[in-house]
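Reading through the structure tokens given below for one structure.
In my numbering, the protein residues as written are 256 to 535.
Dropping the structure here:
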């Protein structure tokens, strides 16, 4: 009897030997016996999961997840604005990964489906590395996470420039608190829109004239979109009056790189720094 009890206890110990705990950005503690199967509607999360070498653990992603190529083959569970809860319930991921939000509607719906939410940090350049570390802990890819964050740390050493700059996404600009605003700071640029005090303001035409940016970065979705924007900035009476347009210092940046706050910010920083050097 005693031998049988010892055997049960020993087997129980073996079964829990690989168990581990991890806390998300909210401080909620999770316990796993093995890396969980995850799902998300955030392209940045998808990119980071693959970068960590954990693509096999990604059960599903969003309709906007297109990088790397393998992300396109994953089952799609809608988007951040319109999650496909029926599909999520059918797939039953162990955890659903989301950024910290003030809006808890997605979390509430997922809880009703019995699906746990693992929260990353809110937006901000400094939080990209923090989120990669969290994902590395969650998916047991700590060494890979450390390697990626070291590379990000090297890429985000601040350089000096000093010119006034704006980064436009349609009518919106990257402002203080946005991850693109953080990248502008890393590139040594003075973000004209910091004074507005919002992460994604819509600057008025009067503001643009007064700010008179010396460099403007513009996000584009496609080659046809780029051609349209090139013509617009040259012909628009407000933008054409700025030093940036007068001195041919407008840089057009592809949407699939600059709109996603993942480890690929290193590529965004490289493109922006190269343009800054070229227009000095």
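Cβ atoms here follow ideal geometry from the backbone N, Cα and C, with glycine treated the same way.
Next item on the list: Could you name the residues of the same chain whose beta carbon sits closer than 6 Å to that of residue 300, not counting the 5 residues immediately before and after it, in chain order?
Entry: Beyond the five residues adjoining it in sequence on each side, residue 300 comes within less than 6 Å, by CB distance, of 352 in the same chain, given in chain order.
Checklist line | Cα-Cα separation between residue 492 and residue 384, rounded to whole angstroms | finding: Straight-line Cα distance between these residues: approximately 41 Å.
Notebook entry, point to check: Which class does residue 335 belong to by DSSP, given the choice of helix, strand or coil?
Noted result: coil
Checklist line | Coil, strand or helix - residue 354 by DSSP | finding: strand
Next item on the list: Quick one: residues in its chain with C-beta nearer than 7 Å to the C-beta of residue 533, no 5 flanking neighbours on either side, listed in chain order?
Entry: none
Next item on the list: Spell out the partners DSSP gives residue 315 in its beta bridges.
Entry: 294
Margin query: Going by DSSP, what residue range makes up the alpha helix (DSSP H) through residue 375?
Written below: It is not in any alpha helix (DSSP H) - residue 375 instead sits in the beta strand (DSSP E) that spans 371 to 375.
Check: Roughly how far, in whole angstroms, is the beta-carbon of residue 317 from the beta-carbon of residue 335, given that I think they are within contact range, below 8 Å?
Finding: Going by Cβ atoms, the distance from residue 317 to residue 335 rounds to 7 Å, so yes, they are a contact pair.
Item checked: Test item: CB-CB of residue 323 and residue 515 under 7 Å -> Against a cut-off of 7 Å, the Cβ pair of residue 515 and residue 323 comes out as no contact.
Next item on the list: Give me the Cβ distance between residue 430 and residue 451, rounded to the nearest whole Å; I'm assuming they're in contact under 8 Å.
Entry: 5 Å
Note to self: I need the DSSP call for residue 340, collapsed to helix, strand or coil.
What the structure shows: helix
Margin query: Is residue 285 close to the ligand MG? I mean its beta-carbon at under 6 Å from any heavy atom of the ligand.
Written below: You won't find the ligand MG in this model; it holds no ligand whatsoever.
Check: For residue 382, does the three-state DSSP call read helix, strand or coil?
Finding: helix
Next item on the list: Work out the CA separation of residue 419 and residue 211 for me, nearest whole Å.
Entry: Past the boundaries of the shown model lies residue 211; the chain is included only from 256 to 535, so the question cannot be answered.
Next item on the list: Compute the beta-carbon to beta-carbon distance between residue 377 and residue 517, rounded to the nearest angstrom, for a pair I have assumed lies under 8 Å.
Entry: Their Cβ separation, rounded to whole angstroms, is 15 Å, which puts residue 377 and residue 517 out of contact at 8 Å.
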